């Protein structure tokens, strides 16, 4: 087989794998809380608390392992890591359909987080095996796999749970992941050569963090990521329970919950490029500030909604606002980081997101237990207000006039060039 055909085959096989992996992680959102309820007889407060624990369990491990797996793959090969994580994910999801109590489910969610390496390693494999003249095209394609899986996952999960059962849905998804494992094993080719010098370095060295030119900026942006992610994930443990309450436990609850859960991702997919162009023209700082403000405004009325239609509209709009937050933080981190440290920064950013997911999932369960579901949305609004005050106070580069100066400097450099 020619090199031209090899990289294309790698690309489409790995695209399928990232699509299935993204779908497998996201499809549990509509019914995971409902599944917890099926596994025991719990009060409303106990169900909220246990749902928060189940949601957060996988992200604890992602937080701890994210800075390590990338360097492990650099030592031993990306294909090996893709195979290990795909097979592990398939086994873990399949076993979730067989659990008999909530603690077994928590343990399997921990293992699911341990095997959360299909996406980054598939992306790295495509990046290293694709000719440079086709790199942009290939990276765009592989990204749509993960994004598409995340978007369709909640909807498909809700439909499968409605047609079959929640248990069968886990087994079906495990089957897809097993197929992904097999075709990756047989059809993906990697030209990997181990580096003896790299093998001598530790998988994670804290001293690598000392080389950032703006360490204070990076620390505060990662801190903002943790807080924003905590607010976002505080909602996940209760979203399906809220939909069930609004529908009075009648009708296709899992399908509607899946649709509601997927709407923010759909709107983020549609609007992120628009926010990016606005940031290039008027300053990424301004886009970040506007995104945080609009998100806070849109979360607050969700605390008082009495209709799933209204909830769906607000969730769609808040996704568009979030599209101005997460990509902007990543863009600003990339701009302020030397190219030889980009991998470390984005690993730390992934770990920060996982930490926020852990904190948010647990806090969401506690708050909904104390103040009902509406308290979670109010908490999210307060967290966004806190982040806004924090970054404007501690990070001068993010102030409104700084955004103007940055955009003017960019335009001036373009004109000079």
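Numbering (this note's numbering), first residue to last: 224 to 640. Heads up, the beta-carbon is just placed ideally off N, CA and C, and yes, glycines get one too. The model shown is predicted, which means the values in this text are computed figures rather than measured ones.
Excluding sequence positions up to five away, which residues of its chain have a Cβ less than 7 Å from the Cβ of residue 286? 574, 577, 578 and 581
>> Measuring straight from C-alpha to C-alpha, what distance separates residue 635 and residue 379?
In response: Low local confidence applies: a pLDDT of 45 at residue 635 is under 50, so the model's placement there is unreliable, and no value is given.
Is the region 320–337 touching the region 383–397, taking contact as three or more C-beta pairs under 8 Å?
yes
Local Cβ density within 10 Å of residue 263, reported as buried at 16 or more and exposed below that
exposed
Looking at residue 537: is its Cβ nearer than 8 Å to the Cβ of residue 521? yes
Along the chain, where does the alpha helix (DSSP H) containing residue 460 start, and where does it finish? 459–469
| message | According to DSSP, is residue 549 part of a helix, a strand, or is it coil? | response | helix
Sufficient close CB pairs (3 or more, under 8 Å) joining the region 474–487 to the region 367–382: yes
Notebook entry, point to check: What span of residues does the alpha helix (DSSP H) with residue 439 cover, start to end?
Noted result: 438–456
Q.
Please classify residue 237 as buried or exposed, where buried requires at least 16 other C-beta atoms within 10 Å of its C-beta.
A. buried
Quick one: is residue 512 buried, meaning 16 or more other Cβ sit within 10 Å of its Cβ, or exposed? buried
Could you check if residue 587 is buried or exposed, using at least 16 other CB atoms within 10 Å of its CB as the buried criterion? buried
Exercise. Which residue from 542, 523, 519 and 450 puts its Cα closest to that of residue 490?
Worked result: 542
Can you give me the Cβ contacts of residue 337 inside the same chain, cut-off strictly under 6 Å, excluding the 5 residues immediately before and after it?
284
Backbone CA spacing between residue 397 and residue 438 [nearest angstrom]: 42 Å
For this session: With distances taken Cα to Cα, identify the nearest neighbour of residue 340 among 241, 250 and 358.
Result: 241
Note down the Cα distance separating residue 459 from residue 329, rounded to an integer number of angstroms.
16 Å
For residue 323, name the three-state secondary structure that DSSP assigns. coil
Flag this pair as yes or no: are the beta carbons of residue 266 and residue 591 separated by less than 8 Å? no
ask   = Three-state secondary structure (DSSP) at residue 357?
value = helix
Three-state class that DSSP yields for residue 339 in the structure shown: coil
ask   = Got a sec? Which residues, its chain only, sit under 7 Å from residue 612 by beta carbon, not counting five neighbours each side?
value = none
**Asked** What's the gap between the Cα of residue 571 and the Cα of residue 325?
**Response** 31 Å
Nearest-angstrom Cα distance between residue 308 and residue 583?
25 Å
Find out if the Cβ-Cβ distance for the pair residue 413, residue 348 is shorter than 8 Å. yes
What residue does the alpha helix (DSSP H) around residue 411 start on, and which one ends it?
Premise fails: residue 411 is in no alpha helix (DSSP H) and is neither H nor E.
*Is any heavy atom in the ligand ZN found nearer than 7 Å to the beta carbon of residue 322?*
The ligand ZN is not part of the structure shown, which contains no ligands of any sort.
In chain order, what residues of the same chain have a beta carbon less than 7 Å from the beta carbon of residue 515, not counting five sequence neighbours either side?
548, 607, 610 and 611
Do residue 247 and residue 647 count as a contact pair if the criterion is CB distance below 8 Å? Outside the modelled stretch of the chain, which goes from 224 to 640, sits residue 647, for which no answer is possible.
- Item | Delimiting residues of the alpha helix (DSSP H) encompassing residue 484 | 476–505
Report the rounded CA-to-CA distance for residue 361 versus residue 345, giving the unit in angstroms.
11 Å
- Between which two residues does the alpha helix (DSSP H) carrying residue 611 extend? 597–617
What three-state label does DSSP hand residue 299 in the structure shown? helix
- Identify which residue in 550, 528 and 476 has its Cα closest to the Cα of residue 493. 550
Beta-carbon spacing of residue 527, residue 544 below 8 Å
no
Leaving out five residues on either side along the sequence, give the residues of the same chain with a beta carbon under 6 Å from the beta carbon of residue 596. 461 and 465
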